[in-house]
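All residue numbers for the sequence shown refer to the numbering used here, where the first residue is 35 and numbers rise by one. Beta carbons are placed, not taken as given, at the ideal position from N, Cα and C, and that holds for glycine. Computed from a prediction, not measured in an experiment: that's the story for all the values here.
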Amino acid sequence: MIYVIGISIAFFLSFLLITKKGRTSADTFLAVWMGITGFHLFLFYHNSITKTYLYPDLLGLEIPLPLLHGPFLYLYTTTLIHPDRLKTYRWMVHFVPSLLVYLYLMPFFTSTASQKIAVYEHEGQGYQGFMSILLVFISIAGVLYVFFSNRQLRRYRLHLLNQFSYQEKINLNWLRYLFLWMGLLWLIIILRGNDQIIFTTVVFFVLFIGYFGIRQVGLFSVHSSEIEEKKTTLTLNENTKKYEKSGLSDEMAEHIYVRLTEAMHEKKLFTNAELSLADLAFHLSVHPNYLSQVINTFEEKSFFDYINALRIEEFKRLADQPENQKYTLLGLAYDCGFNSKTSFNRNFKKATGLAPSEYLKQTEATFA
35 MIYVIGISIA FFLSFLLITK KGRTSADTFL AVWMGITGFH LFLFYHNSIT
85 KTYLYPDLLG LEIPLPLLHG PFLYLYTTTL IHPDRLKTYR WMVHFVPSLL
135 VYLYLMPFFT STASQKIAVY EHEGQGYQGF MSILLVFISI AGVLYVFFSN
185 RQLRRYRLHL LNQFSYQEKI NLNWLRYLFL WMGLLWLIII LRGNDQIIFT
235 TVVFFVLFIG YFGIRQVGLF SVHSSEIEEK KTTLTLNENT KKYEKSGLSD
285 EMAEHIYVRL TEAMHEKKLF TNAELSLADL AFHLSVHPNY LSQVINTFEE
335 KSFFDYINAL RIEEFKRLAD QPENQKYTLL GLAYDCGFNS KTSFNRNFKK
385 ATGLAPSEYL KQTEATFA
């Protein structure tokens with residue numbers, strides 16, 4: 035019964051993604067991946083659980099499918115982080131191994147129904163050596179794809195620190211859990227877990243996609259297009275060199291830093307909850323790379339830490355004023371540019387070593 039549930043949900047999620055308004059390339063890859071996952075579960079259920087072999091033509095189709103899951107994870111991650119990266123069809127090379135396996139198995143696919151059933155009833159007789167080699171290749175490829183996908187996410191998160199003053203909508207934390215699920219799945223395969231354990235894990239993997247996609251990140255709603263827009267801005271900035279030090283003199287850097295400091299103290303630009311490096315550079319009429327270099331050099335902080343440090347100092351200033359004690363801590367935090375309680379608490383403790391409430395106890399301030 036659990037496999038039927040997994041099959042149904044996988045196809046349903048694929049349908050939601052395909053019919054999603056404003057569908058992105060990442061959505062398309064995930065939709066196809068969910069469709070293939072549902073088909074893979076169906077083939078396992080038909081071939082290994084029921085063992086009725088009602089449709090002999092389906093026998094063997096599941097063998098190359100494990101080689102598709104790693105590439106789809108990698109391509110989904112790539113298009114989610116770098117929307118414009120896959121402009122050519124070179125990404126199709128990731129599916130060549132599975133195609134080669136299908137070609138190798140062509141004699142099996144063209145055999146009679148009774149011959150196919152006989153091979154399955156005798157646990158792959160005549161293909162044991164090939165299947166052993168294939169299992170090793172599948173395991174290695176799976177681990178490598180999880181590794182390279184996770185490496186992309188780590189690099190992306192590092193770039194966020196120098197591009198945005200907030201991370202709540204664009205940090206893609208849920209992808210880390212996706213990688214953990216895939217890593218667990220490949221670990222079970224490597225440890226030679228039986229097929230029922232493997233595919234039961236796949237069912238829970240599908241449930242995970244559905245839960246986090248709908249409840250956590252709005253994966254199946256138009257809301258995710260906002261995330262896509264922010265990542266596109268990040269991608270454009272990544273396509274230029276990080277710094278162009280030869281074009282930025284010490285005198286020019288000091289001039290930019292003075293203007294930056296004045297803008298922050300006089301106009302309090304940091305109170306914009308969605309302030310980005312590009313926004314600030316536009317306001318100061320300087321190149322984003324120069325501005326990033328100035329912040330890193332003079333403040334010895336990333337853009338993210340620099341802006342949030344200013345927000346924390348502003349919060350302290352407001353908290354010290356008696357007329358503000360009628361407001362809540364969160365209300366003041368929002369006024370300073372934080373867009374969530376979690377973000378405020380995390381950044382405040384990172385900067386001061388204290389929770390906001392602990393800090394206020396030390397200052398003997400009281401709030402509503």
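- Every candidate beta strand (DSSP E) stretch fails here, since none sits fully inside the stretch 342-390 while reaching 3 residues.
- By the Cβ neighbour-count rule, Lys-375 is exposed, with fewer than 16 other Cβ atoms within 10 Å of its own.
- Taking the Cα positions, Leu-394 is about 14 Å away from Glu-348.
- By the CB criterion at 8 Å, Tyr-161 and Val-153 fall inside the cutoff.
- The Cβ-Cβ distance between Ile-97 and Tyr-37 does not fall below 8 Å.
- Taking a C-beta distance under 8 Å as the contact criterion, Ala-175 and Leu-101 qualify as a contact pair.
- With 16 or more neighbouring CB atoms inside 10 Å of its own CB, Phe-78 falls in the buried class.
- If you look at Glu-300, you'll find it in the alpha helix (DSSP H) that goes 284-301.
- DSSP, read as helix, strand or coil, puts Ser-310 in strand.
- Membership of Phe-239 in the alpha helix (DSSP H) is indicated by the continuous run 229-245.
- Annotated three-state conformation of Lys-395 is helix, per DSSP.
- Proximity of the stretch 359-374 to the stretch 333-345 meets the contact definition, three or more beta-carbon pairs being nearer than 8 Å.
- If the five residues before and after Lys-335 are omitted, its C-beta is found closer than 8 Å to the C-beta atoms of Ile-329, Ala-343, all from its own chain and listed in chain order.
- Of the candidates Tyr-361, Glu-296, Glu-288, Ala-353, the residue whose Cα lies closest to the Cα of Glu-392 is Ala-353.
- Assigned with DSSP and collapsed to three states, Val-180 falls in helix.
- In this structure, the straight-line span from the alpha carbon of Gly-104 to that of Leu-212 is close to 12 Å.
- Arg-210: member of the alpha helix (DSSP H) spanning 207-224, first to last residue.
- Beyond the five residues adjoining it in sequence on each side, Ala-44 comes within less than 6 Å, by CB distance, of Met-68, Thr-71, Gly-72, Val-240 in the same chain, given in chain order.
- One Cα belongs to Tyr-340, the other to Leu-311, and the distance between them is close to 11 Å.
- Phe-143 and Val-130 have their C-alpha atoms some 19 Å from each other.
- In terms of Cα proximity to Asp-284, the closest of Thr-331, Tyr-245, Arg-119 is Thr-331.
- In terms of Cα proximity to Tyr-108, the closest of Asn-228, Ser-183, Ala-307 is Ser-183.
- By the 16-neighbour rule on beta-carbons within 10 angstroms, Gln-327 is buried.
- Here DSSP, grouped into helix, strand and coil, assigns Val-38 to helix.
- Sequence-distant Cβ neighbours of Phe-246 in its own chain, meaning closer than 6 Å and more than five residues away, are Trp-208.
- Burial check for Thr-397: the Cβ neighbour count within 10 Å stays below 16, so the residue is exposed.
- Note on Asp-118: under 16 other CB atoms within 10 angstroms of its CB, so exposed under the neighbour-count rule.
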